[in-house]
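Please read the structure below before turning to the comments.
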Amino acid sequence: MAAQARRKLIAGNWKMNKTIPEGLALVRELKGLVASLPGEKVELAVAPPFLALQAVAKELEGSAVKLAAQNCHWEASGAYTGEVSAPMLKDVGCAYVIVGHSERRQYFGETDETVNKRTRAVVGAGMTPIVCVGETLAEREANRTLEVVERQVAGALKGFQAAEVAAFVLAYEPVWAIGTGRTATSAQAQEVHRAIREQLGRLYDRGTAERVRIQYGGSVKPDNAAELLGQPDVDGALVGGASLKAGDFAAIAKGGV
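Take the numbering used here: the final residue in the sequence shown is number 257, and no numbers are missing along the way.
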């Protein structure tokens, strides 16, 4: 499958922002702004906080915007106070689940092993994982970017078959560019995305590697989206702060057309 055939996925990670009424207002505005986007070229998703998922799911009915969750536990049920399982997310209408975001790794002890377990739970519940990988500033300055990213990719995908991985979404998010206003240049992003795709070819096969969508995340904004999304191996964006403004998120989505 040619790279041009991969449909861009623009996903908005709201993180710990927006009450339910605020989230509903945001998606109502967003739906109107993106209604004319060609669905065969770009796919949209939003990842509200857990408490807003059900209300946002109802608001999105009949629209082309998909629902995503920001995390899930690897067990289907049990004595895990405060956690949310993949079957619960599927039940509420989620199509995607973000796993392994750098903030989860940094603040909540996520490891390559737990990312793998969460990814397996997402797939087992019939949803698509958005698996995040990325290096810290210290790792980039030590020229360890590809080493770190490839370790994370291999860890997250351990035990999965090619047919499963082909449907996955990976998100390269350099940690030093998340919420800092700093953005990897389009060349830096393309270099890492290309390396990830080559790694997928080694782990599986070329056909699988060409099917996997690899998003870029890290201070994506309307003014840099088109250039980033124009790179041959950048198949979308995982958008943080800019996804909290309907106009900005819609403008980024239009950059992927």
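Heads up, the beta-carbon is just placed ideally off N, CA and C, and yes, glycines get one too. No experiment lies behind these values; they were computed from the predicted model shown.
{"Item": "Starting from residue 142, trace the beta strand (DSSP E) in both directions and tell me its first and last residue.", "Value": "Counting along the chain, residue 142 falls outside any beta strand (DSSP E), and DSSP gives it neither H nor E."}
{"Item": "Counting C-beta neighbours from all protein chains within 10 Å, is the total for residue 138 16 or more, i.e. buried, or is it exposed?", "Value": "exposed"}
{"Item": "Any heavy atom of the ligand MG closer than 6 Å to the beta-carbon of residue 142?", "Value": "Among the ligands in the structure shown, none appear at all, so the ligand MG cannot be discussed."}
{"Item": "Cα separation between residue 247 and residue 56?", "Value": "18 Å"}
{"Item": "Residues in the same chain with beta-carbon distance under 6 Å from residue 226, minus the five sequence neighbours each way, listed in chain order, please.", "Value": "255"}
{"Item": "Just list the residues that DSSP pairs residue 132 with in beta bridges.", "Value": "171"}
{"Item": "Between the Cα of residue 83 and the Cα atoms of 118, 252 and 223, which residue gives the shortest distance?", "Value": "118"}
{"Item": "Residues in the same chain with beta-carbon distance under 6 Å from residue 209, minus the five sequence neighbours each way, listed in chain order, please.", "Value": "197, 200 and 201"}
{"Item": "Report yes if the CB atom of residue 257 is closer than 7 Å to the CB atom of residue 31, and no otherwise.", "Value": "no"}
{"Item": "If you draw a straight line from the alpha carbon of residue 1 to that of residue 215, how long is it in whole angstroms?", "Value": "Residue placement at residue 1 is flagged as unreliable, the pLDDT there being 38, under the threshold of 50; the coordinate-derived value follows with that caveat. Computed Cα separation, rounded: 18 Å."}
{"Item": "Suppose you measure from the CA of residue 276 to the CA of residue 45; what does that come to, to the nearest Å?", "Value": "Because the chain here runs from 1 to 257, residue 276 falls outside it and cannot be looked at."}
{"Item": "Given this structure, state the Cα-to-Cα distance separating residue 162 from residue 207, to the nearest angstrom.", "Value": "9 Å"}
{"Item": "Using DSSP with H/G/I as helix, E/B as strand and the rest coil, what is residue 58?", "Value": "helix"}
{"Item": "Please name the residue or residues paired with residue 12 in a DSSP beta bridge.", "Value": "46 and 239"}
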